Structure formats: structure tokens, C-alpha cells
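Colleague: Using my numbering, you'd call the opening residue of the sequence shown number 7 and step up by one each time. Even for Gly, the Cβ is constructed at its ideal location relative to N, Cα and C. Since the structure is predicted, the reported quantities are computational estimates derived from the model, not experimental observations. If you scroll down you'll find the structure; I have some questions about it.
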Amino acid sequence: MSDTRRHLGCAVVGVTANRHLHDGVHRDWLRRRYIEALTRHASVECVILPTIDRDLPCDAIFQRLRDLMRRLDGLVLTGDESDLDPGIFDRNGGAWALAEDDIVACRTDRPRDRLSMVALMVAEELDMPVLGICRGLQEMNVYRGGTLHEDLSSTHKGISHRENPEIPRDEQYRPVHTVKVASGGLLSSVIEGDELCVNSLHRQGIAELGEGIRVEAVAGDGVVEALSYRNSRTFQLALQWHPEWHASSDVISQKILGAFGRACEAYNAAVH
């Protein structure tokens, strides 16, 4: 990266891609909404982080991603239709090897799981700002040893957390239920309020919290809707909903993205 970029104070963040397999061709992909929202409302530039196959040992991949992320100022863990495989986040590497079902449309994306695991390891080492969105919240919990409900519809009956496939995509991202924001937390300080109405498009959800996690918001049926890392010296926040989708018209989403962007700018100034 050029000195000019640094002098201008423009933070650069890594945004996780997902893997798509179609007609035998592997593609890394990412919805434009993330890039548009981060660029406009967090005032950052974005670099798409590619998914990871098991072609190198975990330690070697960690070193390669560390070398890349040292040039970045923040990490964004995006959402996706796939469910994460908690075994990938086992530090003993028991599920790291390639498998025939690594990529199953709308179900499994282990190349993304590997990317998120290693990216979180590097972000933790560098004490880098992190924003997790939907799947990203679940990854941040499992990374710290937490567990997930595989299907909230079988364990939580009070609120439907899945999107309605019968309505247009844009409407699926409209707010559908409220969440109670914990007082004195990171999210509360950002939004300056104690309740939100959020969208909801997820099948999995947090069962047991990981180590060192603070609950930042909870739905009416007890599902954790936002979390942060207690021991972080910087902004590390995850949301179960999608702030990026209607960020252009939603003030709360703009506040959250703006706070993340300012944390990335501060990290840029302190580290680089």
C-alpha cells in the first residue's frame, strides 16, 4: 500500500468472501451491498479476502493471511446462506482436511469456515477492529468455544428468525422483530438507545456463549442478537441481523458502520 493512502487516513478492511460451486467451477463471491455500505457509511476501502482450500497446513495459511492482514485496518465477517461447521474452528485441526461435501449450496461452505477461522486468529493477534454480520456473529462465538443451535425453529418458538421466501428479496430484509440492547455495552454506546427493530434471516443461532463474550442484545425469545469481545482494546462487535442491506435509509445502521469505520481509522493511525 502506498504512503499516500496512509497519509490520507483512508482505512482499508478485509471482507470475507464465500464459495460458490456451479457447473464444477469454483467461484468466490460477495454481495455488493457490503461493499457499498462499508464504502459509503464506514468510509473505508474494501479488499475481498478469498476462501481457503486445504492445500497447505493451517500454520502456513495463517502466516500468509497474517502477512496480508498486517496491511489492513479491519475485518468484516459477512453473512451467507450456508451454515458454519464448528469442527473447522477446533484449534486441534480435526476437521481441517478436505471432504467431498465441503461445498453444498445453501448448507455447507468449509472454505469460508477456514477463512473465517484463520482471519479471526490473525485479528486477535493484531487486536484489529472486527465487525461480524449474521453468519459472522456465529463464527465469532464458535471461535471462542461457543456452540450453536442448528435450527432455531426447533428450539425457539416465539419468533420466526427465518426470512419469508414468498416475498421479494428487498422486503425480506425489512425489520421484523425487536431486540433489547444491554445497557453499558459497546452497542448501546454506539446507537444511544436500548431497543431496536431488526431484520432476521438466519437458521442457526447461539446456544452457549464462548469465552470472554459479552451479550450486547437479545431478542424477545432469548436468542442472542449481538455480542462483543470483552478483552478487546478495539471495536469488535457482531450482529445477528444485516445492517448493510438498508444502510442508505437506516440511521442505526449508519451509526454502527460509522463507529466501525472510525475504529479502523484509529487503528490505521496507531499501527501504521
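Quick one: what's got a C-beta closer than 7 Å to M127's C-beta in the same chain, skipping five residues either side?
Modeller: F68
Colleague: Do I139 and G85 have their C-beta atoms within less than 8 Å of each other?
Modeller: yes
Colleague: So the candidates are D91, R116, E130 and L121; which of them puts its Cα closest to the Cα of V148?
Modeller: D91
Colleague: If you run the structure through DSSP and keep just helix, strand and coil, what is Y235?
Modeller: strand
Colleague: Out of A48, S194, S254 and C16, which has the shortest C-alpha to C-alpha gap to L233?
Modeller: S194
Colleague: In the structure shown, what three-state DSSP assignment does L207 receive?
Modeller: coil
Colleague: By the three-class DSSP mapping on this structure, what secondary structure does D9 have?
Modeller: For D9, the predicted structure reports a pLDDT of 42, less than 50, and the residue's modelled location is therefore unreliable. A value from the coordinates is still provided. D9: helix per DSSP, three-state reduction.
Colleague: Among residues of its own chain, excluding the 5 on either side of V50, which ones have a beta-carbon nearer than 6 Å to its beta-carbon?
Modeller: Same-chain partners within the cutoff: A17, V19, L44, G267 and C270.
Colleague: From the DSSP output, in three-state form, read off C64 for me.
Modeller: helix
Colleague: Report the rounded CA-to-CA distance for R280 versus T57, giving the unit in angstroms.
Modeller: A question about residue 280 goes unanswered here, because the residues of the chain that appear run from 7 up to 278.
Colleague: Where does L55 land, buried or exposed, given buried means 16+ other C-beta within 10 angstroms?
Modeller: Counting Cβ neighbours within 10 Å, L55 comes out buried, since at least 16 surround it.
Colleague: Which residue marks the beginning of the beta strand (DSSP E) containing D34, and which one marks its end?
Modeller: V31 to W35
Colleague: Would you mind giving the Cβ-Cβ distance between Q242 and Q144, rounded to the nearest angstrom? I have them listed as a contact below 8 Å.
Modeller: About 15 Å separates the two Cβ atoms, so there is no contact after all.
Colleague: Mapping DSSP to helix, strand and coil, what is E25?
Modeller: According to the sequence displayed, residue 25 carries Arg and not Glu. Correct three-state label for R25: strand.
Colleague: What distance in whole Å lies between the Cβ atoms of V224 and E231, which are believed to be in contact at a cut-off of 8 Å?
Modeller: 6 Å
Colleague: T78 to L132, Cα distance in whole Å?
Modeller: The identity of residue 78 in the sequence shown is Leu, whereas the question assumes Thr. So the two alpha carbons sit approximately 10 Å from each other.
Colleague: Taking 8 Å as the cut-off, decide whether the C-beta atoms of H47 and A188 are in contact.
Modeller: no
Colleague: If we call anything under 8 Å between Cβ atoms a contact, is I94 one with D119?
Modeller: In this structure, I94 places its C-beta atom within 8 Å of the C-beta atom of D119.
Colleague: Are the Cβ atoms of S296 and R60 separated by less than 8 Å?
Modeller: What the structure shows of the chain is the stretch from 7 to 278, and residue 296 is not part of that stretch, so it cannot be assessed.
Colleague: Identify every run of the alpha helix (DSSP H) within the region 105-133, keeping only runs that are complete inside it and at least 4 residues long; order them along the chain.
Modeller: 116-132
Colleague: Relative to the alpha-carbon of G226, which residue among V257, A272 and L202 has its alpha-carbon at the smallest distance?
Modeller: Comparing C-alpha distances from G226 to each of V257, A272 and L202 shows the shortest one belongs to L202.
Colleague: If contacts are defined as beta-carbon pairs under 8 Å, then R33 and P117 qualify, I think. What distance do you get, rounded to the angstrom?
Modeller: Not quite, the Cβ-Cβ distance comes to about 11 Å (not below 8 Å), so this is no contact.
Colleague: Suppose contacts are defined by Cβ-Cβ distances below 8 Å. Is L81 in contact with A129 by that definition?
Modeller: A129 is positioned such that its CB atom lies closer than 8 Å to that of L81.
Colleague: Taking buried to mean at least 16 other C-beta atoms within 10 Å of its own C-beta, is L104 buried or exposed?
Modeller: exposed
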